[in-house]
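Peer 1:
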Amino acid sequence: MPHLVRVFVLSSPTHPLVVVENRNTKKLHKIQTGLRLAKEVAEDIPAPGLKSALGLASALAEMYDTMRGNKDDLPDLEERLRPLTEIDTSGCNPALKARLTALRANLKPLLDQCRALRQYHKQHKIRTFLFSFSIEKTIRGMEKKISTQLEDFTMSGGIAIDDLVAEMKAQLDTIQEQNKEILAQGERTRADQLLMNLRNSNGT
Numbered sequence: 023m024p025h026l027v028r029v030f031v032l033s034s035p036t037h038p039l040v041v042v043e044n045r046n047t048k049k050l051h052k053i054q055t056g057l058r059l060a061k062e063v064a065e066d067i068p069a070p071g072l073k074s075a076l077g078l079a080s081a082l083a084e085m086y087d088t089m090r091g092n093k094d095d096l097p098d099l100e101e102r103l104r105p106l107t108e109i110d111t112s113g114c115n116p117a118l119k120a121r122l123t124a125l126r127a128n129l130k131p132l133l134d135q136c137r138a139l140r141q142y143h144k145q146h147k148i149r150t151f152l153f154s155f156s157i158e159k160t161i162r163g164m165e166k167k168i169s170t171q172l173e174d175f176t177m178s179g180g181i182a183i184d185d186l187v188a189e190m191k192a193q194l195d196t197i198q199e200q201n202k203e204i205l206a207q208g209e210r211t212r213a214d215q216l217l218m219n220l221r222n223s224n225g226t
């Protein structure tokens, strides 16, 4: 009978482990959705570094669906982390630049750790095998930190990254419209001046 009770408790949908897993899944889905939306909006913004950074961050978030939490994740992780530590923030407004700079700085130690683990595995394959549980625990911890950094980047200060990108696009659209109006006004002024010169010329 105790065994039956134990099975019932572990399979219950309200078990703490199940609740935590559901929360993490929802959190990851929110991060992935926010980054995808931000990336789509950024396509119309003339800031190559921003588009690249959002694409890389989105790809890193999507990678979580295939992670295994072991040394096999390390090559892909390093490949995706490295360009994110070299992102170009030029052309971004101050709010986006600050968030991108923070992401770049926070991911750099994790990239270094990823490289160190790969190097350790190459040099000590037998030791890596013997202590695989400890190493996998380290890798899972590192992947959790990456998830936390992506969450901070996506929802820092309660402001969604896609809202920040949309705000920047709106600001640029306004400036573009103002510039068009200034150019149009300049053309009208030039046309009026030419017409006035023509009239004066005909009147003399």
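Counted from 1, the sequence shown has number 88 at position 66 by our numbering; the numbering is strictly sequential.
Ideal placement from N, C-alpha and C gives every residue a C-beta, glycine not left out.
Bear in mind the structure is a predicted one, so any value in this text is a computation, not a measurement.
To test your reading of the DSSP string, which unbroken beta strand (DSSP E) runs of 3 or more residues are found completely within the segment 81-144?
Peer 2: List check, beta strand (DSSP E) in window: nothing returned.
Peer 1: Since I believe Glu165 is in contact with Met89 (beta carbons under 8 angstroms), could you give me their beta-carbon distance rounded to a whole number of angstroms?
Peer 2: Against the sequence shown, residue 89 aligns to sequence position 67. Against the sequence shown, residue 165 aligns to sequence position 143. At roughly 6 angstroms, the Cβ-Cβ gap stays under 8 angstroms, so Met89 and Glu165 are in contact.
Peer 1: Mind reading off the beta-carbon distance from Leu172 to Ile53? Whole number of angstroms is fine, and I expect it under 8 angstroms.
Peer 2: Taking the sequence shown and counting its residues from 1, the one referred to as residue 172 is at position 150. Taking the sequence shown and counting its residues from 1, the one referred to as residue 53 is at position 31. 5 angstroms between Cβ atoms; contact.
Peer 1: Indicate whether Ala64 and Gly113 have their beta-carbon atoms separated by less than 8 angstroms.
Peer 2: For the purposes of this step, residue 64 is identified with residue 42 of the sequence shown, where counting begins at 1. For the purposes of this step, residue 113 is identified with residue 91 of the sequence shown, where counting begins at 1. No, these two residues do not count as a Cβ contact at 8 angstroms.
Peer 1: On the premise that Asp184 lies in contact with Gly56, defined as a C-beta separation below 8 angstroms, what is that separation, rounded to the nearest angstrom?
Peer 2: Here the question's residue 56 lines up with position 34 in the sequence shown. Here the question's residue 184 lines up with position 162 in the sequence shown. That pair is a contact at about 5 angstroms.
Peer 1: If you draw a straight line from the alpha carbon of Thr211 to that of Leu76, how long is it in whole angstroms?
Peer 2: As a working mapping, residue 211 is identified with position 189 in the sequence shown. As a working mapping, residue 76 is identified with position 54 in the sequence shown. Answer to the nearest angstrom: the Cα atoms are 43 angstroms apart.
Peer 1: Is the distance from the Cβ of Leu106 to the Cβ of Cys136 below 8 angstroms?
Peer 2: Numbered from its first residue, the sequence shown carries residue 106 at position 84. Numbered from its first residue, the sequence shown carries residue 136 at position 114. No, the Cβ-Cβ distance between Leu106 and Cys136 is not below 8 angstroms.
Peer 1: For Leu139 versus Ile161, is the C-beta distance shorter than 8 angstroms?
Peer 2: Counted from its first residue, the sequence shown places residue 139 at position 117. Counted from its first residue, the sequence shown places residue 161 at position 139. Yes. Within cutoff.
Peer 1: Helix, strand or coil for Asp66? Go by DSSP, reduced to three states.
Peer 2: Taking the first residue of the sequence shown as 1, we reach residue 66 at position 44. The answer is coil: DSSP assigns Asp66 none of H, G, I, E or B.
Peer 1: Could you tell me whether the Cβ atoms of Ile109 and Leu194 are closer together than 8 angstroms?
Peer 2: Here residue 109 refers to the residue found at position 87 when the sequence shown is read from its first residue. Here residue 194 refers to the residue found at position 172 when the sequence shown is read from its first residue. It is not a contact, given that the beta carbons lie outside the stated cut-off.
Peer 1: State the DSSP-derived secondary structure class of Ala192, mapped to helix, strand or coil.
Peer 2: The residue you call residue 192 lines up with position 170 of the sequence shown. If DSSP states are grouped into helix, strand and coil, Ala192 belongs with the helices.
Peer 1: So Leu118 and Leu186 are in contact, right, with Cβ under 8 angstroms, and what is the actual spacing, rounded?
Peer 2: Numbered from its first residue, the sequence shown carries residue 118 at position 96. Numbered from its first residue, the sequence shown carries residue 186 at position 164. With 8 angstroms as the limit, Leu118 and Leu186 qualify as a contact, their Cβ atoms being about 6 angstroms apart.
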